[in-house]
Amino acid sequence: MKLRAPLRAATRVEGPVEAARARVFSCPGPVARAFCLDLGVYLTMVTVPTLRTERLVLRPWRQDDLAPFATLNADPDVACWIGDGAPLARADSDALVERITEHWRERGFGLWAVEEQAGGAFVGFAGLAVPWFLPAVLPAVEVGWRLARGSWGNGYATEAGAAALAHGFQELGLAEVIATIFPENLRSIRVAQKLGLTYTGTRSLPATRRPIAIYRRTA
381 MKLRAPLRAA TRVEGPVEAA RARVFSCPGP VARAFCLDLG VYLTMVTVPT LRTERLVLRP
441 WRQDDLAPFA TLNADPDVAC WIGDGAPLAR ADSDALVERI TEHWRERGFG LWAVEEQAGG
501 AFVGFAGLAV PWFLPAVLPA VEVGWRLARG SWGNGYATEA GAAALAHGFQ ELGLAEVIAT
561 IFPENLRSIR VAQKLGLTYT GTRSLPATRR PIAIYRRTA
């Protein structure tokens, strides 16, 4: 899959949410449907901001993220905590990136690609999304993370999740954020607890009937 390319050179907009929300009219055609990618910066009605933490960069997705993201999604140790637990094929992984970028365009927030500041290695994603897969909790915004197994144990999920929560509460004005985690996923449960989310009950995924725990935090 090739991410949608820019039709012509465009102005780079990056940084605080005010700039991220600026209208960018660099792509020809109806701006409401325009979606451009210029060196990793999505140009549309909303431009993806870049967040920096002590060790990480949460940034827009790039074409060269597709291969390492596919490797991550094909890892059974990662996939077992997602959806039906099956590893994703390359085409499905690429399609997921497309859905993530569409979420940014439609909602004005979403999941960032996450890389290490030192060296720039892609480690996965973190951010905010509408949990459409679990209608019982809607309307809601979920904080989530998915990291390559080689980056586990470094506190990256907590660090990236904290940045995403701060953006959601302080910049987007969210009143509440949830997390959905399989009860057996003790690593992610610990991350949620470190981020201040509290267990509030268990639901079942409609697609698989698999139990999933709900954690919540208010602003």
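Quick note: the sequence shown uses the numbering used here, first residue 381, plus one each step.
All C-beta atoms, glycine included, are put in the ideal place defined by N, C-alpha and C.
For my contact list, residue i and residue j are in at a C-beta cut-off of 8 Å; report their separation, rounded to the angstrom.
i      : j      : result
Val510 : Arg487 : 7 Å
Gly504 : Leu527 : 4 Å
Ala540 : Leu438 : 6 Å
Thr588 : Asp457 : About 19 Å separates the two Cβ atoms, so there is no contact after all.
Leu575 : Leu545 : 6 Å
Hey, residue i and residue j: beta-carbon distance below 9 Å or not?
i      : j      : result
Val521 : Glu556 : yes
Pro493 : Phe449 : It should be pointed out that residue 493 corresponds to Ala in this sequence rather than to Pro. Contact flag set, yes.
Ser568 : Trp525 : yes
Ala516 : Leu554 : no
Gln497 : Arg442 : no
For residue i, count neighbouring C-beta atoms within 10 Å of its own C-beta (all shown protein chains included) and say buried if the count is 16 or more, exposed if not.
i      : result
Leu518 : exposed
Arg597 : buried
Gly581 : exposed
Glu495 : buried
Ala447 : exposed
Ala593 : buried
Leu566 : exposed
Asp418 : The predicted position of Asp418 is uncertain, since its pLDDT is 36 and thus under 50; a value taken from the coordinates is nonetheless stated next. By the neighbour-count rule (16 or more Cβ atoms within 10 Å), Asp418 is buried.
What does DSSP give as the partner residue(s) for residue i in the beta ladder?
i      : result
Trp525 : Ala506
Ser584 : Pro591
Leu446 : Bridge partners of Leu446: none, in fact.
Leu431 : Leu438
Thr578 : Arg596
* Asked: For the segment 545-575, which segments carrying the beta strand (DSSP E) assignment without a break, of at least 3 residues, lie completely within its bounds, in sequence order?
  -> Listed in chain order, they are 556-561.
* Segments of 4+ residues assigned as alpha helix (DSSP H) that fall wholly inside the segment 450-502 -> DSSP runs (the alpha helix (DSSP H)) wholly in the segment 450-502: 456-459 and 470-487.
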